[in-house]
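Here is the structure we will look at, set down as structure tokens.
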Amino acid sequence: MNGRFSKAGRAALTALAGVLILSACTAVFRTQATREVTALGLNLPDLIRARAENDTALRDQINALYGARLTDIHEIEPQTKAIYTQDFGEKFRFVVDRKLTKDHEALIATLYSSFDDGMNPTNFLADQLKAEAQSVAERANEVEAACRVSLDEAGKQALIEHLTQESKNDAAPELTGTAILEWMLQPKFGAKYEVVHKAYDQTKAAILARSQAEFNTELDNAVAYFKYVRAMGLKDEMLLANWEKSLADFSGAIAAAVPNTPHYLRLRAELDRYRKLAAKHADLPKLPAPASKVQKGSSGDLVKAVQERLEMTGFYTGPITGTFDDTTKEALVQYQATHQLPTDGVVGKGTIDAMNIPFSDRVKRIRLAMAKQRKSGSRWKNYYVRVNVPEFAVEVVEDGKILRRHKVIVGNLNPLNHTPEFEAEIQKVVYNPAWFMTPRIFKNEELPKWVADEEYFTKKGYKAHFNKDGMPVAAYQPPGPGNALGRVKILFPNKHDVYLHDTPTKPLFNQTIRTFSHGCIRLQNPLDMAAFLLTKDNHPAVAEIDKILAGHGTREINLQNKVPIFIEYSTVSTNEEGHAVFLADVYKRDASALAGLDDPI
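As numbered in the working numbering, the sequence shown has no gaps in its residue numbers, which increase by one up to the final residue, 759.
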């Protein structure tokens, strides 16, 4: 032979080389596949989770559910529309990076603290939010558990063989964990790699549930936030600004929602005290009405029971002796002063009736008073005047402090004469005013007296206007010592024709219950109040007051700066010592509101 292969030999050698090359390539592929499958076994949970997180269909489903929830939330709480968008997770603050934030914890604590303000935390979904927060953590754990799948040794070998076989047909994936997982998750391999397909489906379901828990918690937190600050008295136009403030200073935003009125924080402390009394003395026995006066020098079981009640309410610290001594009288006078009773130091029917009112009823009254103060427009003013009708008092307040306080007389018990509740602005002080009778007073009260005695107006010093038939149609009382408005009136224009004014019937200020007017507010020491308002206004007319009063002509002085005034109706106030002061519901306005309070808090 000449050393050359024959044609057939060369063909055989070429075939053999092809087999050897193919075997070498297969061996190399198998080695690489073995290495990647080994790594795949370690990283399969991470790969499944990552693949599920980026599943387009799943993201679309989550966004659709989030959008539907947003629509519902916007209807419930419109303010959320300016904050949350269709982009799931955007602007989230209560759930970030799958975790509850410090804002969530602060909000939950705040919602439960609403109890201290006389509110019911369940109204703000506090318990629901706690449960939802727990669900966020649980759902995150479920995702981790769902993707926790691995291939056993037999499964790995089967996968390697499958990959090797597919490589011969150029159908194998790239040898990376991600590509191999995608290849395994093809529908046609559902039965072959059932455990992987099942883990993937469970992971997607868990991610969907986790996402729902996250956006439900986030949005419900936001709803609860707005419900809380609205219940605390913020107006709708203030809500978004308060929200923005809370992003940087949560505690500051919550503090800004709490009223800074003089009585509110005192009432909060008293609410806690009376709740404890109500819990400790739920079955308080009623005291009997005294058969005769019980006063200093008296003794017996009733005196002992009174001492015990005074001790309960924090007015008496002496021994329970059953003897009515000076210490007992002093404590009783303080009690009477805080229950709108004559401060005579004598145990009468009124005192016994007050002591027989259950502490639970006192709790409700305090809660109602706090609710009214949260809604009062006065809380947004730095300097204002406030009349509390059942207290028969007017206060001037600045920077949360009471600058001065006067007794007042309000409308009598005829419903037509009840002093209304409203807010206005003090604009004018009128010295030496004339009294122009309202049409109602003229027609219903003064005209009948003229009909009975045509000299009536003359005797009273009134000036009347007559029609062509000689019938009086209006009347007024000129300025003077006996004028019904006294020396001064303070005007704050309103539809009720109500104003503050002096009165010649000054002895009535000595009464405890002062419901004697036709609806206007008679003021004790009104000249002092008028001078104070003008002085605070830096008005030049202050220097002329004495001269004006020395004359008899009417003088109107317009304030340079109007002063807000609030006519309110609250049957609980506080005194300088911080004690709650319980007042008579003279117009019977509180019954329905008290009945509507949640129980049993």
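Glycine is no exception: its CB is placed at the ideal position from the N, C-alpha and C atoms.
From G472, T479, T243 and A447, residue whose alpha carbon lies closest to that of G455:
Mapped onto the sequence shown, residue 455 falls at position 297. Closest by alpha carbon: T479.
Proximal residues to N160 (C-beta, below 8 Å), its chain only, five neighbours per side dropped
Counting from 1 along the sequence shown, the entry for residue 160 is found at position 2. Unreliable positioning characterises N160 in this predicted model, as indicated by a pLDDT of 44, which lies under 50. A coordinate reading is not provided.
For F246 and N374, the rounded distance between their alpha carbons
Residue numbering aside, residue 374 sits at position 216 when the sequence shown is read from its first letter. Residue numbering aside, residue 246 sits at position 88 when the sequence shown is read from its first letter. Cα to Cα, the separation comes out at about 11 Å.
Rounded to whole angstroms, what's the CA-CA distance from R562 to V656? Just pull it up for me.
Within the sequence shown, the letter at position 404 stands for residue 562. Within the sequence shown, the letter at position 498 stands for residue 656. Rounded to the nearest angstrom, the two C-alpha atoms are 21 Å apart.
Can you list, in chain order, the residues of its chain whose CB lies under 7 Å from that of I231, leaving out five sequence neighbours each side?
For the purposes of this step, residue 231 is identified with residue 73 of the sequence shown, where counting begins at 1. Counting only Cβ-Cβ distances below 7 Å, and skipping sequence neighbours, we find T238, L377 and V381.
For I137, which three-state DSSP category applies?
Here the chain comprises residues numbered 159 to 759, so residue 137 is not present and cannot be evaluated.
Could you pull the start and end residues of the beta strand (DSSP E) that G508 belongs to?
As a position in the sequence shown, residue 508 is number 350, starting the count at 1. That residue, G508, is in no beta strand (DSSP E); its alpha helix (DSSP H) goes K507 to M513.
Using 10 angstroms around the beta-carbon of Y541, count the other beta-carbons present and answer buried if the total reaches 16, otherwise exposed.
One-based indexing of the sequence shown puts residue 541 at position 383. That one is exposed.
Report yes if the C-beta distance between I365 and E194 is below 8 Å; otherwise report no.
In the sequence shown, the residue the question calls residue 365 occupies position 207. In the sequence shown, the residue the question calls residue 194 occupies position 36. Cβ distance not < 8 Å, so I365 and E194 don't count as in contact.
Determine the contact status of W608 and A642, defining contact as a CB-CB distance below 8 Å.
As a working note, residue 608 is residue 450 in the sequence shown. As a working note, residue 642 is residue 484 in the sequence shown. It is not a contact, given that the beta carbons lie outside the stated cut-off.
Cβ neighbours of F600 in the same chain (closer than 7 Å, five flanking residues each side left out)
Position 442 of the sequence shown, counted from the start, is the residue given in the question as residue 600. A632 and A633, listed in sequence order.
Rounded C-beta distance between G391 and R532? I'm assuming under 8 Å.
Here residue 391 refers to the residue found at position 233 when the sequence shown is read from its first residue. Here residue 532 refers to the residue found at position 374 when the sequence shown is read from its first residue. Correct: roughly 4 Å between the Cβ atoms.
Close-in-space but distant-in-sequence residues of the same chain around R520 (CB under 6 Å, 5 per side omitted):
If you number the sequence shown from 1, residue 520 lands on position 362. Closer than 6 Å at the Cβ level, and outside the excluded window around R520, lie Y432.
If you check the beta carbons only, do L460 and P448 fall under 8 Å apart?
Sequence index remark: in the sequence shown, residue 460 carries index 302 (1-based). Sequence index remark: in the sequence shown, residue 448 carries index 290 (1-based). Yes. Within cutoff.
Which same chain residues, not among the five before or five after K626, have their C-beta less than 6 Å away from its C-beta?
Looking up residue 626 in the sequence shown gives position 468. Answer for K626: no residue qualifies.
In three-state terms, what does DSSP make of Y386?
Translated into the one-based positions of the sequence shown, residue 386 becomes position 228. Looking at Y386 - three-state DSSP - the assignment turns out to be helix.
Which residues does DSSP pair with W341 in a beta bridge?
For the purposes of this step, residue 341 is taken as residue 183 along the sequence shown, with counting starting at 1. None; W341 has no bridge partner.
Taking S728 as the reference, give the member of Q718, R251, F740 and L435 with the closest Cα.
Start at 1 with the first residue of the sequence shown, and residue 728 comes out as number 570. Of the listed residues, the one whose Cα sits closest to S728 is F740.
What does DSSP give as the partner residue(s) for K720 in the beta ladder?
The residue labelled residue 720 in the question sits at position 562 within the sequence shown. Paired residues: none, contrary to the question.
Considering only their Cβ atoms, is the gap separating G677 from T616 smaller than 8 Å?
Locating residue 616 in the sequence shown gives position 458, where the first residue counts as 1. Locating residue 677 in the sequence shown gives position 519, where the first residue counts as 1. No, the Cβ-Cβ distance between T616 and G677 is not below 8 Å.
Roughly how many whole angstroms lie between the Cα atoms of D394 and D407?
The sequence position of residue 394 within the sequence shown is 236, counting from 1. The sequence position of residue 407 within the sequence shown is 249, counting from 1. If I take the Cα positions, the gap works out to 20 Å.
Backbone secondary structure at G619 - three-state DSSP:
What you label residue 619 is simply residue 461 of the sequence shown in a count that begins at 1. It is coil, neither helix nor strand.
Ordered along the chain, which non-local residues of its own chain (more than five positions away) have a Cβ less than 6 Å from that of V387?
Taking the first residue of the sequence shown as position 1, residue 387 is located at position 229. Excluding positions up to five away in sequence, the list reads N400 and A415.
Are the beta-carbon atoms belonging to P543 and V587 less than 8 Å from one another?
Within the sequence shown, residue 543 is the residue found at index 385, counting from 1. Within the sequence shown, residue 587 is the residue found at index 429, counting from 1. Reading the sequence as shown, one finds Val at residue 543 and not Pro. Cβ atoms of V543 and V587: not closer than 8 Å.
Kindly provide the ranges of any beta strand (DSSP E) runs that are 3 or more residues long and lie completely inside the region 588 to 652, ordered along the chain.
621 to 624, 630 to 635 and 646 to 649
Taking a contact to mean a Cβ-Cβ separation below 8 Å, would you say H737 touches P637 in this structure?
Counting from one through the sequence shown, the residue named residue 737 turns up at place 579. Counting from one through the sequence shown, the residue named residue 637 turns up at place 479. The answer is no: Cβ separation not under 8 Å.
Let me check understanding here. Comparing Cα to Cα, which of L649, Q669 and R680 lies closest to P662?
Locating residue 662 in the sequence shown gives position 504, counting from the first residue. The candidate whose alpha carbon is nearest that of P662 is R680.
Please state the DSSP three-state secondary structure of R207.
Within the sequence shown, residue 207 is the residue found at index 49, counting from 1. Note: R207 maps to helix in three-state DSSP.
Among R368, S272, C305 and L405, which residue has its Cα nearest to the Cα of A153?
No answer is possible for residue 153: it lies beyond the span of the chain, which begins at 159 and ends at 759.
State the start and end residues of the unbroken alpha helix (DSSP H) segment that holds V142.
Not covered by the structure: residue 142. The range shown for the chain is 159 to 759.
When you compare only the Cα positions, how much space is there between T732 and E553?
Along the sequence shown, read from residue 1 onward, the residue named residue 732 stands at position 574. Along the sequence shown, read from residue 1 onward, the residue named residue 553 stands at position 395. Rounded to the nearest angstrom, the two C-alpha atoms are 12 Å apart.
Measure the alpha-carbon distance for V119 versus E726 and round it to whole angstroms.
In the structure as shown, the chain begins at 159 and stops at 759. Residue 119 is therefore absent and cannot be evaluated.
Would DSSP call H659 helix, strand or coil?
As a working mapping, residue 659 is identified with position 501 in the sequence shown. Three-state DSSP puts H659 in a strand.
When the Cα atoms are used, what is the spatial distance from Q465 to D502?
As a first step, residue 465 is located in the sequence shown; it is residue number 307 there, counting from the start. As a first step, residue 502 is located in the sequence shown; it is residue number 344 there, counting from the start. Taking the straight line from one Cα to the other gives about 16 Å.
Hey, would you say V258 sits closer than 8 Å to A284, going by beta carbons?
As a working note, residue 258 is residue 100 in the sequence shown. As a working note, residue 284 is residue 126 in the sequence shown. Checking the displayed sequence, the identity of residue 258 turns out to be Leu instead of Val. No; because the gap between Cβ atoms is not below 8 Å, this pair is not in contact.
Those residues which DSSP pairs with F740 across a bridge
Position 582 of the sequence shown holds residue 740. Answer is V730.
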